[in-house]
Amino acid sequence: MKTSTAVLVAAVSVAAVGVAQLVQRDRQHKQASDATLSRIQIEWLARASQDEQEAARWAPEGVEPEQYQRMLSGNRMLCQLSLRWRLGVVTRRQLNLYADQLMMNATCRDYWKQFHSYREAEAQGKKRDETFNQAIGDAYTRAMKLAA
Numbered sequence: 003m004k005t006s007t008a009v010l011v012a013a014v015s016v017a018a019v020g021v022a023q024l025v026q027r028d029r030q031h032k033q034a035s036d037a038t039l040s041r042i043q044i045e046w047l048a049r050a051s052q053d054e055q056e057a058a059r060w061a062p063e064g065v066e067p068e069q070y071q072r073m074l075s076g077n078r079m080l081c082q083l084s085l086r087w088r089l090g091v092v093t094r095r096q097l098n099l100y101a102d103q104l105m106m107n108a109t110c111r112d113y114w115k116q117f118h119s120y121r122e123a124e125a126q127g128k129k130r131d132e133t134f135n136q137a138i139g140d141a142y143t144r145a146m147k148l149a150a
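In this text, residue positions in the sequence shown follow this note's numbering: the first is 3, and each later residue adds one.
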């Protein structure tokens, strides 16, 4: 192999490693940001689900604060599962299993019934979030059939 070819191959290899490191660093930064934002949301959901005045300030029209508090509790559980899914620590099989478990609880079903359309609109174009919502929606449907 010519020296110039060897130098070119080495340079391309170094560049490829550099690009891979940048991609990995970017992914880790996004995951850290996602985890931080999710933690803030989950903490607020925990607080609002325990504080009737906070729930009253944010409850949608026609939803009593006490009922909204229960829905926020269900949302908190879904957010925790969603974060685990987005970080890749839950497999698709586990997602379905956990979704079924959550939807056995009326609190989660009530939340999903009221707010699923918002979550679906928010997830549009984000394949991982769409997959999560599909799993939750399917679990909701199965749970409603069992409850009937």
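For glycine and all other residues, C-beta sits at the position ideal for the given N, C-alpha and C. All values reported here derive from a predicted model rather than from experimental measurement.
Review point. Between which two residues does the alpha helix (DSSP H) carrying lysine 2 extend?
Key: The first residue shown for the chain is 3 and the last is 150, placing residue 2 beyond what the model contains.
Practice item. Verify whether the separation of the beta carbon atoms of serine 84 and phenylalanine 134 is less than 7 angstroms. Key: yes
Check your understanding: Cβ atoms of alanine 141 and methionine 105: under 7 angstroms apart, would you say?
Key -> yes
Practice item. Could you have a look at threonine 7 and say whether DSSP puts it in helix, strand or coil? Key: helix
Point to revise | Residue range of the unbroken alpha helix (DSSP H) whose run includes aspartate 53 | key: Per DSSP, aspartate 53 belongs to no alpha helix (DSSP H) and is neither H nor E.
Review point. DSSP three-state call for methionine 106: helix, strand or coil?
Key: coil
**Study point:** Rounded C-alpha distance that separates threonine 110 from glutamine 30
**Key:** With the sequence shown as reference, residue 110 is identified as cysteine, and threonine is not the correct amino acid for it. Near 30 angstroms, if we compare the C-alpha coordinates of glutamine 30 and cysteine 110.
Review point. Can you check whether the CB of arginine 78 is closer than 7 angstroms to the CB of leucine 97?
Key: no
Exercise for review: Using beta-carbon positions only, say whether alanine 123 and alanine 101 come within less than 7 angstroms of one another.
Suggested key: no
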